Each structure stands twice: as structure tokens, then as C-alpha cells.
Amino acid sequence: MLDLVAKSPLSGLLSLTQGSVALTEATPASIISIVPFKGRAAEAEAALQSAYGVGLPPLGGVSQVAQNRVLWFGDGQYLLIADRAEMPKITEIAAVTDQSDAWAVMHLEGRDAAAVLARLCPIDLRPEYFSKGQTARTEVAHMPAIVTPTVNGFEIMVMQSLVKTAVKSLHSAMKSVAVQKM
Amino acid sequence: MRINCPNCGDRDVREFHYRGSAKLLNRPAPDAGEAAFVDYVYLRENPAGLNRELWFHEMGCRSWIVAQRNMSTHEFAGTELARNAKRGAK
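So the protein lines, in turn, are chains A and L. Position one of the first sequence corresponds to residue 2 (the numbering used here), numbered consecutively onward. Position one of the second sequence corresponds to residue 6 (the numbering used here), numbered consecutively onward.
In C-alpha cells form, the structure reads like this:
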């Protein structure tokens, strides 16, 4: 019998540190997209509340209770980041897909994290415009990405098929900022 | 150039895909006849002023947006989600 070893999407690529900034991998339990059917958002929210203790976030927002999070993921679309084992059966009220094997999650953290990300991402990353509790679907180095501010930097999610390009681009920006700040 | 997405706020134009005139929202009835479909598929206004057009926030919230853009200055006069946009308007 084969004994298969599960590898994380960024294994062998991270962690990296350059100057004050570190790029590390995060491995959430599971990532599930939830798109409530027309007029059923309140029911979907109630089901998530009782299972995970989190509701649906507002436009561009994040709701979080302990390790359970829901990210706004587009118009009427949400991304639940929590353990799929607790997932209630809500397929009658929402389109639900397990996207755990689609997204890779990285943390870019440190004093110059915003300066690094600003080289690759067109949105305004200054804390007065983009801070904890918010999230954005945008692009990072021309790749579709989800960027979410953390306490000390950003969580960046990209498609797993793009991780090598994403790490290469982020590392190159990290090196460039580190050299300029020397 | 920045476009004000009704969901995401001001975003760089590189996040968007341009589709063309918002006339595409006003599809003629199936029995409207050939002339109406020729007009719908091929004929476009080219005003030196505001044009109503479709943009897709491809690298963002993935919503279709109807924008009023000044064709002479590229200035945007307003945006709304295509699903809320009035159909049948010129």
C-alpha cells in the first residue's frame, strides 16, 4: 500500500526573508466558496453563524471569530476559511464549492511589507485606506489575487498553479526594497 | 486611468476588461427582424462626448459595470453595476 504524503502548495518555495520583510506560507484548514442563491443570504448567514460563529461580511470586509473567517469574495460571493468538517449542509440555499486545493496562502509581513506589495499591486495599501477588517480582490504581479491586511502586513492568496511566479515576483520586490532601505 | 467600481471603489484600469458599447444590454426581441439585429451587432455610436459602455472588473470583484466615459477626455462620469442598469435605454 502506498503511503502518500500531502504537500502544501508552497512547500519548497517558502519561507523567505529579506531585510525587514518575511514571506511565509499559511495553511488554513479549508477554503470554501459560498454564493447564496437570490434572497437566501440571511439563511446562509444563520447557518454559518451556528456552525462557525461568523456571519457574512459587508462589501470588501472580513468577519472573523477565533480562527474562523469569512472574506468578501465579489458581488454576493463569500470565502469561508475554516475547517470543512463543521460545514453545515446549505446546498439548498447557496452554491458551495471546496476551493482548498485552488488557493495558496502567503503572509508578507514586516515593517516594509506595504512598500514591497506596492510594487506589484495597484491598490492603495496605506493603512488609512486599507487595514485589518478589509479585503480586496485585486492583482499581484498580473495575477488575480486576494489581499487582506493582517496586524503586521498582508495575507496574499493566489491560485496554486501560479505560486512559483508569485513567489519569484514577491521575492524580487522584497530584495529590491531591502537594498533600497539599506 | 482609474475606474470607480461600485463594489471596490477606485481601481486602476489594468484590473478591467473593456467590452464595448452598453448597447449590448439591449438585445432585440427574437422576432425583431434582420435590420434590428444588424443594428445591434454592428452599428455603434462614436460620440465626441459621453458614451455608455461595458467594463468587466476581471481582476477584481468580477462584476460587469456600465460606465459613462467621455470619449474625448477619458473622464468617467459615473458607473453602476450592469445588473442594476436600465435596459432599453439609449
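Heads up, the beta-carbon is just placed ideally off N, CA and C, and yes, glycines get one too. Since this is a predicted model, take the numbers as computed values, not measurements.
Among the CB atoms of chain L, one or more fall inside 8 Å of the CB of Asp-76 of chain A. Short of 7 Å from the beta carbon of Pro-11 of chain L, and not among the five residues preceding or following it, lie these beta carbons of its own chain, in chain order: Ile-70, Thr-84, Glu-85, Leu-86. Nothing from the region 157-176 of chain A brings a Cβ to less than 9 Å from some Cβ of chain L.
Around Leu-126 of chain A, the same chain offers Ala-115, Leu-118, Ala-119 as residues with beta carbons nearer than 7 Å, after the five sequence neighbours per side are excluded.
Contact annotation: Thr-136 of chain A and Ala-146 of chain A have beta-carbon atoms that are not nearer than 8 Å. Contact between the region 166-180 of chain A and the region 22-29 of chain A is present, with at least three C-beta pairs closer than 8 Å. For the region 61-74 of chain L, the set of residues with a beta-carbon nearer than 9 Å to any beta-carbon of chain A comprises His-62, Glu-63, Met-64, Gly-65, Cys-66, Arg-67, Ser-68, in chain order. When the beta-carbon positions are compared, Asn-69 of chain A and Ala-47 of chain A stay at least 8 Å from each other.
Taking a C-beta distance under 8 Å as the contact criterion, Met-88 of chain A and Ile-157 of chain A do not qualify as a contact pair.
Residue-level contact by beta carbon fails for Leu-126 of chain A and chain L, as no gap is shorter than 8 Å. Neighbours of Asn-12 of chain L across chain A, judged by C-beta separation under 8 Å: Leu-60, Gly-61, Gly-75, Asp-76.
In the DSSP assignment, His-172 of chain A falls within the alpha helix (DSSP H) that extends over 164-181.
Excluding the 5 residues flanking it on each side, Val-36 of chain A has same chain C-beta neighbours closer than 7 Å at Gly-77, Gln-78, Ala-95, Ala-96, in chain order. Between Leu-55 of chain L and Gln-73 of chain L, the CB-CB gap stays under 8 Å. Cβ neighbours of Arg-85 of chain A within its own chain (closer than 8 Å, five residues either side excluded): Ala-30, Ser-31, Ile-33, Asp-99, Ser-101. A straight-line Cα-Cα distance of about 44 Å links Arg-49 of chain L and Pro-128 of chain A. Proximity of chain L to Thr-149 of chain A at the Cβ level (cut-off 9 Å) is not reached, the minimal Cβ distance being about 14 Å.
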